[in-house]
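**Q** Okay, here's the structure, questions in a sec.
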Amino acid sequence: MSQRELIQQFQEYLNHTRRIVFLTGAGISTESGIPDFRSADGLYSDPANLSLFDISAFLAEPAPFYRFSAKFLEVMEQAQPNPAHLAIARLQETHRVTVITQNIDNLHQRAGSRTVFCVHGNLEFSRCVKCGHRIATRELHPVIRQGEVPYHSCGGVYKPEVTFFGEPLPEEDWLYSQRAIEEADLLCVVGSSLVVYPAASLPGYRPRTCRLVIVNREPTPLNPEADLIIHGDAGKIFSPIT
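Residues 4 to 245 in this note's numbering are what the sequence shown spells out, letter by letter.
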């Protein structure tokens with residue numbers, strides 16, 4: 004089938020589905036200007052950057068992370084929800100929609116999605132690793148923009164509520180995500196390579212009656228199990244979805 008016919012089939016699935024879960028990864032946000040860290044020219048293509056999101060490296064020396072954050076902050080502030088984020092949010096008006104995202108950019112929430120579980124945390128808040136004081140990350144922006152390390156008055160460093168390598172996933176978001184997929188009629192994976200665990204294991208919780216749709220530029224390990232696969236840019240694919 005042509006891409007247009009595949010999108011029409013996807014629309015048919017949506018029209019006859021009540022409980023929809025979207026599992027989204029970096030590919031849904033690249034069209035908003037946020038780079039995919041694992042692409043050929045992404046952040047992790049430089050071995051020197053591999054430890055930026057490693058919790059042990061951060062606690063030992065947070066300066067490299069915040070030097071990177073000074074540049075990344077501008078990218079995040081300029082990013083806007085794209086047609087895929089907006090279409091998913093619109094579907095809430097007629098369906099029971101749950102969004103599970105591996106992304107930390109809050110674009111789903113800004114697009115208007117209400118039920119969003121962030122299995123890798125997000126950048127909205129930061130917490131002192133010493134005393135646990137919580138603060139809106141935007142209040143730390145003046146310090147971060149200078150590439151400096153933000154410290155709490157207790158002497159502890161602030162760390163964004165993002166899951167670093169070596170840290171457990173947010174337990175509540177994970178459990179709610181698992182439950183949503185267990186109850187889903189349709190699971191749509193958007194912009195995820197499905198290779199980063201444990202998030203990549205979430206589709207395994209879907210019931211037998213749940214359809215699986217994959218929207219991604221490249222093939223994923225779950226392609227053989229999918230009821231429908233649409234390769235391409237998420238924004239373009241979701242633009243006609245109602």
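Each residue gets a CB set at the ideal place from its N, CA and C atoms; glycine is no exception. As the structure is a computational prediction, the values presented were derived from the model and not from experiment.
So what does DSSP say about S129, is it helix, strand or coil?
**A** S129 falls in the strand class under three-state DSSP.
**Q** Looking only at C-alpha atoms, which of C191, A90, T27 sits nearest to A229?
**A** Looking at the Cα atoms, C191 is the closest of the given residues.
**Q** Taking the continuous beta strand (DSSP E) assigned at F120, which residues delimit it?
**A** Note, F120: beta strand (DSSP E), 119-121.
**Q** Beta carbon of G150, beta carbon of Y69: below 8 Å?
**A** Contact flag set, yes.
**Q** What's the gap between the Cα of S204 and the Cα of A139?
**A** Near 31 Å, if we compare the C-alpha coordinates of A139 and S204.
**Q** T15 by DSSP, collapsed to three states: which one?
**A** According to the sequence displayed, residue 15 carries Glu and not Thr. Note: E15 maps to helix in three-state DSSP.
**Q** Using the Cα positions of E77 and N109, report the straight-line distance between them to the nearest angstrom.
**A** Their Cα atoms are separated by approximately 15 Å.
**Q** Per DSSP, what kind of secondary structure is L205 in: helix, strand or coil?
**A** Looking at L205 - three-state DSSP - the assignment turns out to be helix.
**Q** Taking the straight line between their C-alpha atoms, what separation do you get for V160 and H98?
**A** Near 42 Å, if we compare the C-alpha coordinates of H98 and V160.
**Q** With C-beta atoms as the reference, is L26 less than 8 Å away from I103?
**A** In this structure, I103 lies closer than 8 Å to L26 by Cβ.
**Q** So G28 and Q105 are supposed to be a Cβ contact under 8 Å. How far apart are they, rounded?
**A** Right, the Cβ-Cβ distance comes to about 5 Å (below 8 Å), so this counts as a contact.
**Q** Excluding the 5 residues preceding and the 5 following C131 in the sequence, name in chain order all residues of the same chain whose CB lies nearer than 6 Å to its CB.
**A** Cβ within range, chain order: H155, G159, Y161.
**Q** Taking the beta carbon of P173 as the centre, do at least 16 other beta carbons fall within 10 Å, making it buried, or is it exposed?
**A** Label assigned to P173: buried.
**Q** Mind listing, in chain order, the continuous beta strand (DSSP E) runs of no fewer than 3 residues lying wholly within the region 154-226?
**A** Counting whole runs of 3 or more residues, the region 154-226 contains the beta strand (DSSP E) stretches 161-165, 189-193, 214-219.
**Q** Expressed to the nearest angstrom, what Euclidean distance is found between the alpha-carbon atoms of Q6 and C213?
**A** Straight-line Cα distance between these residues: approximately 22 Å.
**Q** Using DSSP with H/G/I as helix, E/B as strand and the rest coil, what is R21?
**A** If DSSP states are grouped into helix, strand and coil, R21 belongs with coil.
**Q** Which residues share a DSSP beta bridge with R137?
**A** In the DSSP output, where bridge partners are listed per residue, R137 has R130.
**Q** Assign L55 to one of three DSSP states: helix, strand, or coil.
**A** In this structure, L55 counts as coil in the three-state DSSP scheme.
**Q** Examine chain D for any beta-carbon lying closer than 8 Å to the beta-carbon of N106, and answer yes or no.
**A** Structure shown: chain D not included; a single protein chain is present.
**Q** Which term fits G194, buried or exposed, when burial requires 16 or more other beta carbons within 10 angstroms of its beta carbon?
**A** Classification of G194: buried, given that the 10 Å Cβ count is 16 or more.
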